[in-house]
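Let me begin by presenting the structure, written as structure tokens, before commenting on it.
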Amino acid sequence: GGIITQTPKFLIGQEGQKLTLKCQQNFNHDTMYWYRQDSGKGLRLIYYSITENDLQKGDLSEGYDASREKKSSFSLTVTSAQKNEMAVFLCASSIRLGENTLYFGAGTRLSVL
Amino acid sequence: GEQVEQRPPHLSVREGDSAVIICTYTDPNSYYFFWYKQEPGAGLQLLMKVFSSTEINEGQGFTVLLNKKDKQLSLNLTAAHPGDSAVYFCAVSGNTGGLSGKLTFGEGTQVTVIS
Chain A
33 GGIITQTPKF LIGQEGQKLT LKCQQNFNHD TMYWYRQDSG KGLRLIYYSI TENDLQKGDL
93 SEGYDASREK KSSFSLTVTS AQKNEMAVFL CASSIRLGEN TLYFGAGTRL SVL
Chain B
153 GEQVEQRPPH LSVREGDSAV IICTYTDPNS YYFFWYKQEP GAGLQLLMKV FSSTEINEGQ
213 GFTVLLNKKD KQLSLNLTAA HPGDSAVYFC AVSGNTGGLS GKLTFGEGTQ VTVIS
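Residue numbers (the working numbering), protein chains in the order written: chain A, 33 to 145; chain B, 153 to 267.
Rendered as structure tokens:
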């Protein structure tokens, strides 16, 4: 079996700060995803990457950048943290494009002061 | 696009009793259906993946029912135990081949099993 590792687990930022979240997977999956989880709102897709060096915008991409540096890693940048923002960011991967069973990491919990 | 409504948002159930979570979706062409379980501080774990051709699917301690006529997906927890306390999410996607990962998630149900 494989694992998805997200770092850091907890992230505290200041308003206006640029913050980067990292994700690594050892499944050798082609496709990776970033979701945002807000209480009572389910999961919303921010960015996904079909394969290395590919980037696709999701439904919530404004205010974020992403980078798929290599097949095993996918990072997400909050370009300017919003005051009092609190959310969990979940990274996921799937075997390939068209295979939509997702495997999730444990999440990064963001709080902005 | 697809919309998924999940009810109830919170559910308390006594140990040994059963509980039901229902998701209603809008796209009649939806093809894949998922239930995920999220324990505190963890990511989402896949409980079951259901194809549109199968109406009743049984897992360990739960049953998933798909009613395509009413566009409803349900998760029935049978004989709940403390380990079932978690947030449960349904997710739905179409049979679109090249648009992997375009799942639409429900809002989640917080299940608390009371001893």
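C-beta: ideal position from N, C-alpha, C; glycine also.
{"Query": "Check whether the Cβ atoms of Gln195 of chain B and Ala138 of chain A sit closer than 7 Å, and answer yes or no.", "Result": "Reading off the sequence, residue 195 of chain B comes out as Gly, not Gln. Yes, they are a contact pair."}
{"Query": "Under 8 Å Cβ-Cβ, which residues of chain A neighbour Lys201 of chain B?", "Result": "Thr133"}
{"Query": "If you measure beta-carbon to beta-carbon, which residues of the segment 186-215 of chain B are closer than 9 Å to chain A?", "Result": "Phe186, Tyr188, Gln190, Gly193, Ala194, Gly195, Leu196, Gln197, Leu198, Lys201"}
{"Query": "Could you work out which residue in A:Leu75, A:Asp62, A:Ser104, A:Ser126 is closest to Gly90 of chain A when comparing CA atoms only?", "Result": "A:Leu75"}
{"Query": "By a C-beta neighbour count over all protein chains shown, 10 Å radius and 16 as the cutoff for buried, is Gly258 of chain B buried or exposed?", "Result": "buried"}
{"Query": "Could you give the DSSP three-state label for Asp86 of chain A: helix, strand or coil?", "Result": "coil"}
{"Query": "What residues of chain B sit near Lys73 of chain A, judged by a beta carbon separation below 8 Å?", "Result": "Glu259"}
{"Query": "Please state whether the Cβ-Cβ distance between Gln57 of chain A and Ile78 of chain A is less than 7 Å.", "Result": "no"}
{"Query": "What span of residues does the beta strand (DSSP E) with Ser174 of chain B cover, start to end?", "Result": "Sequence inspection shows Ile at residue 174 of chain B; the Ser mentioned does not correspond to that position. From DSSP, the beta strand (DSSP E) with Ile174 of chain B extends over 171-177."}
{"Query": "Between the Cα of Gly33 of chain A and the Cα atoms of A:Ala98, A:Gln49, A:Arg141, A:Asn60, which residue gives the shortest distance?", "Result": "A:Asn60"}
{"Query": "Identify each residue in the segment 154-167 of chain B for which the Cβ-Cβ distance to at least one residue of chain A is less than 8 Å, and report them in chain order.", "Result": "Val156, Gln158, Pro161"}
{"Query": "List the residues of chain B that Leu122 of chain A touches, going by C-beta distances under 8 Å, in chain order.", "Result": "Gly195, Leu196"}
{"Query": "Which stretch, first to last residue, makes up the beta strand (DSSP E) that contains Thr111 of chain A?", "Result": "Where Thr111 of chain A is concerned, there is no enclosing beta strand (DSSP E), given that its DSSP letter is neither H nor E."}
{"Query": "Starting from Thr140 of chain A, trace the beta strand (DSSP E) in both directions and tell me its first and last residue.", "Result": "140-144"}
{"Query": "Should Ser252 of chain B be labelled buried (16 or more other beta-carbon atoms within 10 Å of its own) or exposed?", "Result": "Caution is warranted here: a pLDDT of 46 is assigned to Ser252 of chain B, below 50, making its placement in the model unreliable, and the coordinate value is therefore given only provisionally. So Ser252 of chain B ends up on the buried side."}
{"Query": "Using 7 Å as the threshold, is the C-beta distance between Cys175 of chain B and Gln158 of chain B below it?", "Result": "yes"}
{"Query": "Does the Cβ-Cβ distance between Tyr80 of chain A and Leu122 of chain A come in under 7 Å?", "Result": "no"}
{"Query": "Let's test the definition: count the other Cβ atoms within 10 Å of the Cβ of Gln69 of chain A and tell me whether it reaches 16, buried, or not, exposed.", "Result": "buried"}
{"Query": "How would you write the range of the beta strand (DSSP E) that Leu134 of chain A sits in, first residue to last?", "Result": "It is not in any beta strand (DSSP E) - Leu134 of chain A carries neither H nor E in the DSSP assignment."}
{"Query": "Please report the Cβ distance between Ser204 of chain B and Ser245 of chain B, rounded to the nearest whole angstrom; I am assuming they are in contact, meaning their Cβ atoms lie under 8 Å.", "Result": "About 11 Å; that fails the 8 Å criterion."}
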